[in-house]
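Engineer: Could you have a look at this structure, given as structure tokens, before my questions?
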Amino acid sequence: MAYVINSECISCGACEGECTVSAISEGDGQYVIDAELCIDCGSCATVCPVEAPNPA
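Under the UniProt record's numbering, think of the first position of the sequence shown as 1, with each following residue one higher.
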């Protein structure tokens, strides 16, 4: 189960640098997670200041 970033995302970019498999990229207005690459480690969720990444 991959993580997804909800609408609470403030586009700070903290999660992108934390992703060990480069599954996170800047989307239109917020960051997005590529479900095919995500390994469900949760590293992105631990650094997000607004708790936007969550398990799908």
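C-beta: ideal position from N, C-alpha, C; glycine also.
Here the structure is a predicted model, which is why all the values come from computation and not from measurement.
1. Just to confirm the assignment, what range does the beta strand (DSSP E) spanning residue 64 have?
2. Report the rounded CA-to-CA distance for L37 versus D28, giving the unit in angstroms.
3. Can you list, in chain order, the residues of its chain whose CB lies under 6 Å from that of I10, leaving out five sequence neighbours each side?
4. Is Y3 near I33, with beta carbons less than 7 Å apart?
5. So what does DSSP say about E8, is it helix, strand or coil?
Structural biologist: With the given structure in hand:
1. Look at the range of the chain in this structure, 1 to 56, and you will see that residue 64 is not part of it.
2. Locating residue 37 in the sequence shown gives position 37, where the first residue counts as 1. Locating residue 28 in the sequence shown gives position 28, where the first residue counts as 1. Computed Cα separation, rounded: 19 Å.
3. Position 10 of the sequence shown, counting from 1, holds the residue named residue 10. Close CB contacts of I10 within its chain, under the 6 Å cut and outside five residues either way in sequence, are with V50 (chain order).
4. Mapped onto the sequence shown, residue 3 falls at position 3. Mapped onto the sequence shown, residue 33 falls at position 33. Yes.
5. Residue numbering aside, residue 8 sits at position 8 when the sequence shown is read from its first letter. In the structure shown, E8 sits in coil (DSSP, three-state: anything other than H, G, I, E or B).
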